[in-house]
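Residue numbers (this note's numbering): 3 to 302.
Ideal Cβ positions, reconstructed from N, Cα and C, are used throughout, including at glycine.
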Amino acid sequence: MGAVLPLLALRAFVETSRHGSLTAAAEVMGVTPGAVSQQLRQLQERLGVSLFDRTRHGVVLSAAGSRIYPELRQAFDQIASSLHALEAWQGRSSLRISAAPSFAAQWLAPRLADFSARHPGIDVQLDASPTLVDLRRDGIDIAIRHGLGQYPGLHAEHLLAPALLPVASPALLATVPAITRVQHCLRLPLLQDSERSDWRLWFQALGLPQDARLQRGPAFDDDLLLIRAAAAGQGIALVRDIHVADEVASGRLQVVLQQPWPQSFAYYAVTRPGSEGSDRAMVAAFLAWLQDNISTARAA
C-alpha cells in the first residue's frame, strides 16, 4: 500500500464490519450505501483481497478482513476518543482570578478544590501578584483587592474587612514574661510592613505614646512573608486575621494578646461591568461561592 492511506475507505470497512450492514455503515458515516460499497470495492482492489463474504443476512468478515479488523477498529476508536477529548476541552470555561499573594496563598488557594468540585466545567487560573492589573487588557475576570472599594469604571463587591492581630511563635513568647498589655510587645523585635506604619498606627489608634522602636525591625512586602518570619521566631507580626487563622489553629503561631485592630480597608472582588453570557454566569458562580465560603469562615 502506498504512503497515502485511504482513510475514508478504511473507515467504511470498519463501520461495515462493526454493524454488519452497508446501510448501517452509511447512516453512521452520513453517506449513501452506494458510496460505502464503492469505497469497499476500491479498498479491496487496492489490497488485492476480499474483505467480506456475503450471506443471506448481510456481509461477514472474510479471513483477511478478520485479520485486520481489530486493529483498525481500535485505531478509529482512538481517533474518535481524541476528538471527543478535544471537544470537551474546548467546551470547558476558564476563569482567571488575580489576588494578592497573601490572600491567594493563605485563604483562596486552599479552598479552590471545593469550587472545582461544585463547578467541574470551570477551570480556574489563579494569578498571585501584588501588581496592579488592567482587567480588560490582562484578561482578568475577577481581581480581589484590599482597599477602600473605590475602583472607577469597575464593579466592586465587598467581601470582608479583616482585623490586624499581633502574632508570634510560642517558642519566642516563652523567652519573655507574659505579654498582657500592648506596650509589652516592645520587649520583642517587631516585624514591619513594607511602609513601617502598622505598628505606629496601631499604637496611635489605641491612644498609646509613640516609641522609636515602633518603626524598627525587618520589613516585608506581604503578609505571607510576615507570617513565615513570625513562625520562624524572628519577632512579633501584625497580620490580618484571615491570613493567619490556619497557623494559629495549628499552634505554629500564637495570638500575643486579644487586641484586634479593625481597619477601614476591606477585601473587594473587582469585576468588569457588562460581562455577557457564559462569562457573566462564571463570574456570578464564583462570587456566590466566595461569599458562601466567607460566611462559613465567619461562623466558624
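Query	Result
Same chain, Cβ closer than 8 Å to residue 173, neighbours up to 5 away in sequence not counted	235
Distance between residue 103 and residue 226 (C-alpha atoms, nearest Å)	7 Å
Collapsed DSSP secondary structure at residue 67 in the structure displayed	helix
Residue 273, DSSP secondary structure in three states	strand
Straight-line Cα distance separating residue 32 from residue 74	20 Å
Spatial distance of residue 150 from residue 266 (CA atoms)	7 Å
Residue 215 versus residue 249 - alpha carbon distance	26 Å
Close-in-space but distant-in-sequence residues of the same chain around residue 257 (CB under 8 Å, 5 per side omitted)	167, 168, 169 and 250
Exposure of residue 6, with buried meaning 16 or more beta-carbon neighbours within 10 Å	exposed
Of the listed residues 207, 288, 255 and 99, nearest to residue 262 (C-alpha basis)	207
Simplified DSSP state of residue 144, which is helix, strand or coil	strand
Distance CB(residue 165)-CB(residue 224) smaller than 8 Å	no
Option nearest residue 246 by Cα separation, candidates 56, 50 and 109	109
Continuous alpha helix (DSSP H) stretch holding residue 311: start and end	In the structure displayed, the chain extends from 3 to 302; residue 311 sits before or after that span and is not available.
Cut-off 6 Å between Cβ atoms - residues of its own chain near residue 35, not counting five sequence neighbours on either side	24, 25 and 28
Secondary structure of residue 157, DSSP reduced to three states	strand
Span of the alpha helix (DSSP H) around residue 97	From DSSP, residue 97 is part of no alpha helix (DSSP H) but of the beta strand (DSSP E) over 95-101.
Residue 62 classed as buried or exposed, judged by whether at least 16 other C-beta atoms fall within 10 angstroms	exposed
Nearest-angstrom Cα separation, counted from residue 78 out to residue 67	16 Å
Beta-carbon proximity check, residue 238 vs residue 190, cutoff 8 Å	yes
Residue 200 burial status per 10 Å Cβ neighbour count (16 or more: buried)	buried
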